[in-house]
Amino acid sequence: MARPLPEHGTYARANGSPGYRPPCYCTPCVLIKRKVRKRSEVNRQMGRSARIDASPARKHLVMLHQTMSWSALVTATGIDDRRLCRIYGGHQTRIARTTLARITAVQPPSQAVDSKYIDATGAIRRIRALMAVGYSARAIAAAASSTEARIQRIASGVQPTLRAGLAKRVSRAYRALAFLPVPENRFTTRARNRAASNGWAGPLAWGEGIDDPAVEPEVDGPTPLTGRRPHGKANPVVVMQLTEEGLSAAQIAMELKVHKRTVIRIRSRARAATEQAAA
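The sequence shown runs contiguously to residue 283 in our numbering.
Structure (structure tokens):
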């Protein structure tokens, strides 16, 4: 595929490329060609090299690449990725002053772009919390538009970073699934058993600090052998009053600081008792 022609008024278009494209003699191209050659002549007479040390550009690229992908850097600097990689890796030690100016003019974005890797703490905790209430890795992967193998790998904790885009999808899946009834099947039991054996906290144990590595889940003291959280007790009268007010099982569980399954069992017993009395 042929490369597009440089724009008029650029030195590349004015100077041409032997064997590929002829020089351009339009007014903007002639002016830029004269300007570049005059600057080069002045630098030569003053003993200034046309190329300078690439270390400042390399340091700036390293800083930018912490929050920007290569494609974003190419777009922002107007420099092709091969040259950027050579500067970044230290293979090109001398660069033009204009190249340095174009690189240092780029400032890092306020937030990481989707293709950049970020800390995986929040995604790990969200996936583990969903497994604790019964969602399988397959169900989480479907909700997060990912693969089961990737979700399993993140849940195991062996992947300390992940792409920001995947972290966002996991967060959306968590908000959509965390407090919904979980379809019961063999995968549900397997997910809960895995979470219980590892002492993973459910959604009710996490608040605003789920992404903060320094924050611990708010759970009752786990037993040293199983890591499971003992079930709390709830007053059936209070549970049914809150139910009549329109609160869901998850909301009542959060209000009374008990597990959602405790609320569901109390509701089931109350309904059964009402049906038996009516019979």
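We put the beta carbon where it would ideally sit given N, CA and C, even for glycine.
G250 and I270 have their C-alpha atoms some 16 Å from each other.
Looking at the DSSP output, L166 bridges to I122.
If you look at A141, you'll find it in the alpha helix (DSSP H) that goes 141-147. Judged by beta-carbon spacing, A58 lies beyond the 8 Å limit of K120, meaning their Cβ atoms are not closer than that value. In this structure, S150 sits away from F191, with a CB-CB distance that is not shorter than 8 Å. Around the C-beta of R130, 16 or more other C-beta atoms lie within 10 Å, and the residue is accordingly described as buried. Under the three-state reduction of DSSP output, R269 falls in the helix class.
Taking C-alpha positions only, R176 is separated from A16 by approximately 47 Å. In the structure shown, I155 adopts helical secondary structure according to DSSP, grouped into three states.
Pairwise C-beta distances place the region 47-58 in contact with the region 85-105, as three or more of them are shorter than 8 Å.
Take the alpha-carbon of V219 and the one of K261: they are about 19 Å apart. When the Cα atoms are used, V242 and I268 turn out to be separated by approximately 13 Å. Per DSSP, R55 lies in no alpha helix (DSSP H) segment; the continuous beta strand (DSSP E) that holds it begins and ends at 55-57. Boundaries of the alpha helix (DSSP H) harbouring A16: 15-19, taken from the DSSP string.
Contact between I122 and R106 is absent: CB atoms are separated by about 27 Å, not below the 8 Å threshold.
With respect to A147, L170 sits apart: the two C-beta atoms are not nearer than 8 Å. A straight line joining the alpha-carbon of V78 with that of H95 spans about 18 Å. DSSP places I99 within a strand segment (E or B) once states are collapsed to three. Taking a 10 Å sphere around the C-beta of A159, we find 16 or more other C-beta atoms and assign the residue as buried. Here the alpha carbon of K172 sits roughly 16 Å from the alpha carbon of R132.
The DSSP-derived three-state label of R52 is coil. When the beta-carbon positions are compared, A61 and K37 stay at least 8 Å from each other. In the same chain as V174, and ignoring 5 residues on each side of it, the C-beta atoms closer than 7 Å to its own belong to A127, R130, I131, A148, in chain order. Looking from the CA of M67, the closest CA among V34, A109, E222, G213 belongs to A109. In terms of CA proximity to T193, L134 leads the group D85, L134, A282, L208.
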